[in-house]
Structure formats: C-alpha cells, structure tokens
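First comes the structure, then the notes that go with it.
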Amino acid sequence: MAEPVLLARVTLEQVLIVGGVLFAIGLYVALAKKNGVAVLMGIELMLNAVNLTLIAFSRFVESSRPLDGHVFVVFVITVAAAEAAVALALVVAVYRHRGSIDVDRLNLLRW
Amino acid sequence: MVIGFWALAGLTVGAAAMIIVVRNLLHAVLFLILSFVGIAGVYITLSADFVAVVQVLVYAGAIAVLMIFAVMLTPLSARDNAENVLQLPALVLSGLVITGVTFVALETDWRLAGRGEFDSTAEAIGEALVSPFVLPFEIASVLLVAAMIGAIVLVRED
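Protein sequence lines correspond, in order, to chains D and G.
Convert by adding 336 to the 1-based position in the first sequence; the result is the number in the working numbering.
Convert by adding 518 to the 1-based position in the second sequence; the result is the number in the working numbering.
Structure (structure tokens):
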C-alpha cells in the first residue's frame with residue numbers, strides 16, 4: 337500500500353515534509369556556521385522552505401482565492417531581497433572595522 | 519510529474535545538505551544556487567510558473583551574486599566553512615524541527631481541494647497585486663528603496 341501512494345501523485349504531506357527538511361538544514365546552517373555569509377545562506381534557505389510550504393498549501397488546500405499564497409510568496413521574496421542586501425552590506429562593514437566576520441568573535445555586546 | 523517532483527526535491531535537499539558538508543565557502547555558495555534552482559523546479563511541478571520565474575531571477579540571480587560578492591570582499595576571513603560552538607544544540611534543534619513538522623503534516627486532517635493544476639498564474643497574481651493587495655505592494659516598494667539606500671550608506675567609504 338505504501339509504494340503505490342508514493343508513486344501515484346504528489347500529496348500535500350510529502351511537500352510539507354520536504355519543506356520541513358529544508359527548513360531544518362537552513363536552521364542548522366544559520367546556527368552552527370562560523371562565517372557570517374554562511375549564516376545568511378542558512379536564513380535564505382529557511383525562507384525558501386517556508387515559500388515552498390506556502391506554494392504547496394496554495395496548490396492543495398481548499399480556498400475561495402487559492403492564488404493568494406502565490407502573492408504572499410512574491411512578498412516574501414521581496415523582503416528577502418531587501419534583507420539580503422542590508423545584511424551583506426552589514427557583513428562588509430563589520431569586516432572593514434574588525435578584519436573578520438566570524439560570528440564567534442563578534443562579542444562586543446556580550447554581557 | 520511525480521518522478522520530476524522527487525528528482526527535483528532530492529536535488530534541492532541534497533544541494534542544501536552539501537552546504538553543511540563542503541569545506542570551501544565559495545563551493546557552499548554554488549551549492550546554495552543549485553538548491554535555489556531546484557526549488558524553482560519544484561515550484562513548476564506544483565503549477566506555480568510565475569513564482570518559479572521570480573525565484574530564478576531574484577534568488578539564483580540577484581541574491582546569489584550578492585553572496586559571491588560578499589565572500590570575495592572579505593578575503594582575510596576564514597574560508598573553511600567551519601562550525602562554531604553551537605554545533606550540537608543546532609543539530610538537536612534541527613532534528614526536533616524535522617520530527618515536529620513530519621508529525622504535524624501526517625496527523626493533521628487537511629481540507630484538501632480536489633482541483634487540478636492552475637492554468638496560468640501570472641495574470642491572477644498581477645490582478646491580486648493591484649486590487650486587494652495594493653497597500654502591501656506599495657509598502658514593499660518603499661521597503662526596497664529604504665533597504666537599498668541603507669545598504670549604500672552602510673558600505674560607503676567617506
């Protein structure tokens with residue numbers, strides 16, 4: 337029973353699990369990497385995973401206006417582009433001041 | 519269709535996992551671009567053609583170029599893509615996220631619609647952006663201007 341379900345058609349649950357795995361990978365990269373640019377890569381991966389689940393809900397779930405999910409994804413991509421531009425400018429500015437972008441060593445505000 | 523979805527999903531997750539494994543930061547950025555392109559393919563299998571094009575343009579195009587520039591402009595920092603002290607807690611948290619999302623996705627009774635694929639989404643998205651979502655649309659344009667000016671001010675040499 338399990339194999340035909342997997343091969344018959346894509347279901348909402350399968351897309352959600354793929355999105356969850358992608359989010360977890362992004363979370364690990366964002367939390368555990370040392371370089372500031374790698375942390376930003378993890379954040380972008382998490383945003384992509386959330387976009388994937390939004391598209392999946394828009395495709396599969398009952399709604400009177402199903403394409404609103406797509407509009408939401410367009411807004412998320414816009415905000416992600418703005419965030420990436422500001423964050424990478426911050427990385428370059430921090431590098432100019434301290435000569436390093438290792439997040440372990442950016443402990444100026446530590447208690 | 520189904521084989522295409524699983525191939526693209528495997529490509530996406532595999533490329534994302536390679537970001538963790540690979541030991542050169544520039545190679546990690548290249549695997550991130552591969553992951554973005556794989557997600558665009560997954561969007562096409564979920565009949566989201568407009569969003570797939572936007573994904574390739576903005577993520578695989580613009581954001582990827584920004585990331586490569588940021589790596590190139592910080593030449594003296596570590597390029598070995600090493601982990602910091604939070605490796606074990608991050609691993610535990612990621613495992614919890616995977617189990618939690620999988621449990622919720624399988625146990626929830628989703629109100630599924632029996633409809634087929636969308637014909638074309640670009641026209642409907644355009645109409646939605648100018649009639650019900652016109653205020654968020656304008657706010658997004660103001661946000662983009664503010665972010666670009668902020669980025670220029672942050673890196674300006676004076």
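Even for Gly, the Cβ is constructed at its ideal location relative to N, Cα and C.
Computed from a prediction, not measured in an experiment: that's the story for all the values here.
Sequence ranges, alpha helix (DSSP H) only - wholly within the stretch 367–437 of chain D, length at least 4
List check, alpha helix (DSSP H) in window: 372–396, 404–434.
Under 8 Å by Cβ, that's how I've got Arg629/G and Val397/D pegged, so tell me the actual separation to the nearest angstrom.
Locating residue 629/G in the second sequence gives position 111, where the first residue counts as 1. Locating residue 397/D in the first sequence gives position 61, where the first residue counts as 1. In this structure Arg629/G touches Val397/D by the C-beta definition: roughly 6 Å separates them, less than 8 Å.
In angstroms with no decimal places, state the Cα-to-Cα distance between His433/D and Thr347/D.
By 1-based counting over the first sequence, the position of residue 433/D is 97. By 1-based counting over the first sequence, the position of residue 347/D is 11. Cα to Cα, His433/D sits roughly 50 Å from Thr347/D.
Please determine if the stretch 370–381 of chain D and the stretch 596–603 of chain G are in contact, where contact requires at least 3 C-beta pairs separated by less than 8 Å.
Using a C-beta cut-off of 8 Å, the stretch 370–381 of chain D makes contact with the stretch 596–603 of chain G, since at least three inter-stretch Cβ pairs fall below that distance.
9 Å Cβ cut-off: residues of chain G touching Asn443/D:
For the purposes of this step, residue 443/D is taken as the residue at position 107 of the first sequence. The contacting residues do not exist; Asn443/D stays about 12 Å from chain G at best.
Taking the straight line between their C-alpha atoms, what separation do you get for Phe554/G and Glu625/G?
Locating residue 554/G in the second sequence gives position 36, counting from the first residue. Locating residue 625/G in the second sequence gives position 107, counting from the first residue. In a straight line, the C-alpha of Phe554/G is about 29 Å away from that of Glu625/G.
Quick one: is Ser638/G near chain A, going by C-beta distance under 8 Å?
Among the chains of the structure shown, chain A does not appear; the protein chains present are D and G.
Does the CB of Ile562/G have a neighbour CB from chain D at under 8 Å?
Within the second sequence, numbered from 1, the residue matching residue 562/G stands at position 44. Answer no: the Cβ-Cβ gap between Ile562/G and chain D never drops below 8 Å.
Beta-carbon spacing of Val412/D, Leu383/D below 8 Å
Working through the first sequence from its first residue, we reach residue 412/D at position 76. Working through the first sequence from its first residue, we reach residue 383/D at position 47. Yes. Within cutoff.
Proximity of Gly355/D and Ala374/D at Cβ, strictly below 8 Å:
Residue 355/D sits at position 19 when you count from the first residue of the first sequence. Residue 374/D sits at position 38 when you count from the first residue of the first sequence. Their beta carbons are not under 8 Å apart, which means Gly355/D does not touch Ala374/D by this criterion.
Tell me the rounded alpha-carbon separation between Leu358/D and Ile537/G.
Taking the first sequence and counting its residues from 1, one reaches residue 358/D at position 22. Taking the second sequence and counting its residues from 1, one reaches residue 537/G at position 19. About 12 Å.
Using the three-state DSSP reduction, which class does Glu601/G fall into: helix, strand or coil?
Taking the first residue of the second sequence as position 1, residue 601/G is located at position 83. Three-state DSSP puts Glu601/G in a strand.
Give the range of the alpha helix (DSSP H) segment to which Met666/G is assigned.
Position 148 of the second sequence holds residue 666/G. Per DSSP, Met666/G belongs to the alpha helix (DSSP H) from 652–673.
Kindly give me the distance between the Cβ atoms of Leu352/D and Ala623/G, rounded to whole angstroms, as I take these residues to be in contact under 8 Å.
Within the first sequence, residue 352/D is the residue found at index 16, counting from 1. Within the second sequence, residue 623/G is the residue found at index 105, counting from 1. Indeed, because the Cβ distance is near 4 Å, the residues count as touching under 8 Å.
Reference Val410/D, options Ala570/G, Ser638/G, Ala664/G, closest by Cα
Along the first sequence, one-based indexing puts residue 410/D at 74. Minimum Cα distance to Val410/D is reached at Ala570/G.
Alpha-carbon to alpha-carbon, Ile557/G and Leu564/G
Translated into positions along the second sequence, residue 564/G becomes position 46. Translated into positions along the second sequence, residue 557/G becomes position 39. Looking at the two C-alpha atoms, the distance is approximately 11 Å.
Might you give, ordered along the chain, the residues of its own chain that have their beta carbon closer than 7 Å to the beta carbon of Arg541/G, omitting 5 neighbours on each side?
As a first step, residue 541/G is located in the second sequence; it is residue number 23 there, counting from the start. Around Arg541/G: Asp598, Asn599.
So which of Val365/D, Glu349/D, Ala418/D has the shortest CA-CA distance to Val610/G?
The residue labelled residue 610/G in the question sits at position 92 within the second sequence. Comparing Cα-Cα distances from Val610/G to each of Val365/D, Glu349/D, Ala418/D, the minimum goes to Val365/D.
Segment limits, alpha helix (DSSP H) that includes Ser595/G:
Reading the second sequence from its first residue, position 77 is the one you call residue 595/G. Per DSSP, Ser595/G belongs to no alpha helix (DSSP H) and is neither H nor E.
8 Å Cβ cutoff met for Ala642/G and Leu403/D
For the purposes of this step, residue 642/G is taken as the residue at position 124 of the second sequence. For the purposes of this step, residue 403/D is taken as the residue at position 67 of the first sequence. Cβ distance < 8 Å, so Ala642/G and Leu403/D count as in contact.
Unbroken alpha helix (DSSP H) run spanning Trp524/G, endpoints
Walking along the second sequence from the start, residue 524/G turns up at place 6. From DSSP, the alpha helix (DSSP H) with Trp524/G extends over 520–539.
Residues that Leu507/G bridges to, as DSSP identifies them
Any question about residue 507/G goes unanswered here, given that chain G covers just 519 to 676.
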